[in-house]
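Notes to accompany the following structure.
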Amino acid sequence: MINQIYLIGPMGSGKSTMGRLLAKKLGLPYFDLDKLIEDQEKMSISDIFQKHNEKYFRDLESITLKQYSEESNFVISTGGGCVLRDQNLNILRKGLVIYLKISIETQFERVKNRTHRPLLNNVTKDTLVQLDKERGSVYSGISNIEVDVSNLDKEDVLSTIIRRLESYSEKN
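Residue numbers for the sequence shown follow this note's numbering, so the first one is 549 and each next one is one higher.
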C-alpha cells in the first residue's frame, strides 16, 4: 500500500475531513498543512495573510511541506494553493496525490459563509471560477487519483478513495 499520501483540491473540497478519515482507516499519521502552519505561527491563516502577506504564507507552506514530507508514512492535507509552486509539486510527485474535485456550485455552498479563508472574504462564484481556472488543470495534472466529491457524503468519498487506492496499488 502507498505510504505517502497527499490530498489536494480547492477550498471546501473536504481535504481536512477526508485526510483525517483516510489516515484513521489506513492507520497512518495525519497532518493538516494549514493547521501545522497555524500552530507554528500561533495565528490563523487569515491573520498570517493580514499581518504578513500571501508570499510569506506560501514560503511557510513550502517549508512545512518539505519538512513533513521527509516522514515515511503519512496522509497530508494541503492547502488549496499549495500546487502554485514548482518546489511543492516536486515534493507531491514523490508520493501519491489524491485530487478531491468539486463542482463550483457545491464548493460555493460549502464556503460562502466562511470568514476564516483569506482568499474568500465576500466570496462569489466568479471568484471560485477564477481560482478553478488557475489551479484546476494543475490539480488534475499532478494527481494519481481523482475523486469528484460534489454529490457524495464523506463515507462515500472515503470508500471511493479506498477502492481507487487498492486499484492503483495493484497496477503500480
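Glycine residues also receive a C-beta, built at the ideal position from the N, C-alpha and C atoms.
Between the region 615-632 and the region 579-590 there are three or more inter-stretch CB-CB distances shorter than 8 Å, so the stretches are counted as touching. Beyond the five residues adjoining it in sequence on each side, F622 comes within less than 8 Å, by CB distance, of N551, Q552, I553, A571, L576, P577, Y578, F579, Y616 in the same chain, given in chain order. Within the same chain, and ignoring the five residues on either side of L637 in sequence, the residues whose Cβ sits closer than 7 Å to its Cβ are V631, I690. Residues of the same chain with a CB within less than 6 Å of the CB of E694, apart from the 5 flanking positions on each side, are Y647, K649 in chain order.
For S625, the enclosing beta strand (DSSP E) starts and ends at 622-625. According to the DSSP secondary-structure assignment, Q552 is paired through a beta bridge with F622.
For V695, the enclosing beta strand (DSSP E) begins and ends at 693-696. Around the beta carbon of Y687, 16 or more other beta carbons sit within 10 angstroms, so the residue counts as buried. At a Cβ-Cβ threshold of 8 Å, L676 and I652 count as neighbours.
Out of E682, E657, G684, S698, the CA that lies nearest to the CA of T672 is found in E657. Between V659 and G562, the CB-CB gap reaches or exceeds 8 Å.
By the CB criterion at 8 Å, D674 and P558 fall outside the cutoff.
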